[in-house]
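Mapping of the sequence shown onto the numbering used here: position 109 corresponds to residue 99, and the numbering continues sequentially without gaps. Ideal Cβ positions, reconstructed from N, Cα and C, are used throughout, including at glycine. It should be emphasised that the depicted structure is a prediction, and the values quoted were computed from it without experimental measurement.
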Amino acid sequence: DDIADLARALNLEAYNLFGVSYGTRLALTVLRDHPERVRSVIIDAVYPPHVNSLNDQSVLAYNTFETLFADCAADAECAAAFPNLRQRFYDLVARLNANPDIVTDPETGEELEINGDALVSNLFDMLYDTSILAYLPATIDAWTRGDYFVDYYAEGSAADGGGDDFEQALMEYLGFDNVDDLYDYIDGLSDEEYDALWEEVFGESAYFSEEEEQALMDYLGFTDYDAFVDYLDNLSDEEYNLLIEEVFGGGEGIDGDSEGMFNSVECSEEVPFNSMEAVQQSLAGIPEAIAQGLVFTVEGTFDDCAKWNVPPAAESENQPVVSDVPTLVLSGRYDPITPPSWGQAAADYLSRSYHFVFPNTGHGAVDSIPCATQIALDFLNNPQQPPDSSCISTLTPPDFYIP
């Protein structure tokens, strides 16, 4: 009820809802319980209340694995570079579960045990990230050769001109092919021009506000501004990102994703409508080698909820949300956790909905590809008519990276 209360407190006559992943369930709940001021809804990577997510999670992840392998097999270059990738991966998982490899971490020197379930879990997690989908066949191929630390994403970025994500975005926006040209251009900008460019590309200021600068100085113990700036200049990218995350984004010791909140909601509204018996039945069509790796987190959720001791939600929390409020539904074809079928399951009960599936996208489309952003903006400008989705016709499955 908090969102509806906030809208009333702000005296908003109408507002739009935008949710991604779990946020889509929250948006749908608000739409169900307080539809009166909702102008439009955008749900991206949809988790509707009437799906039985734990019963289905392992099968959905397996289906996404199969999508990846099928797309590689259908791509002549990928198939030639990584033949029989599906079977080689499943064979590797089975071998490592029977006899794990002991390897040395090249960065820390620490000895690590690599089992098959770990690779299954890694692949599942990697499918979330749209930016690395093209590198997954090459990565899996490297795993089958015993190279578990390969980073083809970094190599591919270097081959494309180098740069981190923000540098790649700036190069694409400005039309540069490499990082050196980008920084030559940036060096010629005034502070005001650079800030305007950053805001144009990323939607936020490039610089800290006075309050943010003071918070950093207080955190680090600086009273001299020049010394503070020198300290920041000498940090590596990783050290800088960790600092910003610690001060402004959660940081060490503070989990931005609250396990307590997750358990309190999931153990009440989802787990009571699922069962380990149904989960085990769902594994029947999954290769035995990868089944345990896929079901591990599901078992953990049931175990945690057995200890969490929250009452089950009413049956209404497991029912579809029915509405005629204009709703945009977005799904990624490679999403391993909230697949397009869930987007359609929600759209089926939303009479004025538009559902679009992006063929080259993982978990969350709007923050991943410009086409999804354009469709979302077009929809917000006029929810009463279908948004312009013509950009989807230009999209294809990932252009797989060949080392």
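Once DSSP output is grouped into helix, strand and coil, what is the label at Gly283? helix
Look up Tyr143 in the DSSP assignment and say whether it is helix, strand or coil. helix
Sequence-distant residues of the same chain with beta carbon closer than 7 Å to Cys62, five excluded per side: Cys68, Ala69, Phe72, Leu75, Pro127, Phe390
Going straight from the alpha carbon of His24 to that of Tyr344, what length do you get? 21 Å
At which residues does the alpha helix (DSSP H) containing Phe79 begin and terminate? 75 to 88
Chain-order list of residues whose beta-carbon lies under 7 Å from that of Pro330 (same chain, five-residue window excluded): Ser321, Arg323, Val347
In three-state terms, what does DSSP make of Ala336? helix
At 4 residues or longer, and completely inside the region 158 to 218: list those alpha helix (DSSP H) runs for me, N to C. 169 to 177, 181 to 192, 200 to 210
To the nearest angstrom, how far is the alpha carbon of Pro388 from that of Ser358? 13 Å
Using a threshold of 8 Å, state whether the C-beta atoms of Leu172 and Val191 are closer than that. no
Contact check, Gly283 vs Gly106, beta carbons under 8 Å: yes
Please identify the residue among Glu259, Asn350, Leu113 whose C-alpha is closest to the C-alpha of Ser413. Any property of residue 413 remains undetermined from this structure, which presents the chain solely from -9 to 393.
Straight-line Cα distance separating Val288 from Ser456: A question about residue 456 goes unanswered here, because the residues of the chain that appear run from -9 up to 393.
Taking contact to mean at least 3 C-beta pairs separated by less than 8 Å, is the region 247 to 255 in contact with the region 292 to 310? yes
Beta bridge counterpart(s) of Phe8 as assigned by DSSP: Ile32
Go ahead and label Pro316 buried or exposed: buried means 16 or more other beta carbons lie within 10 angstroms of its beta carbon, across all protein chains shown. buried
Could you tell me the distance, in whole angstroms, from the CA atom of Pro310 to the CA atom of Asp137? 45 Å
Sort out for me which residues DSSP pairs Leu318 with in a bridge. Ile32, Tyr344
Name, in chain order, the residues that DSSP records as bridge partners for Val93. Leu102
Is DSSP giving Ser254 helix, strand or coil here? helix
Endpoints, alpha helix (DSSP H) assigned at Asn45: 43 to 64
If the criterion is Cβ atoms closer than 8 Å, does the pair Gly9 and Ile(-7) meet it? no
Quick one: what's got a C-beta closer than 7 Å to Trp332's C-beta in the same chain, skipping five residues either side? Val36, Tyr37, Pro38, Val41
Exposed or buried, which one is Ala148 when buried takes at least 16 other CB atoms within 10 Å? Any answer about Ala148 is weak, because its pLDDT of 45 lies below 50 and its placement is not dependable; what the coordinates show is given next. The residue in question, Ala148, is exposed, as its Cβ has fewer than 16 Cβ neighbours within 10 Å.
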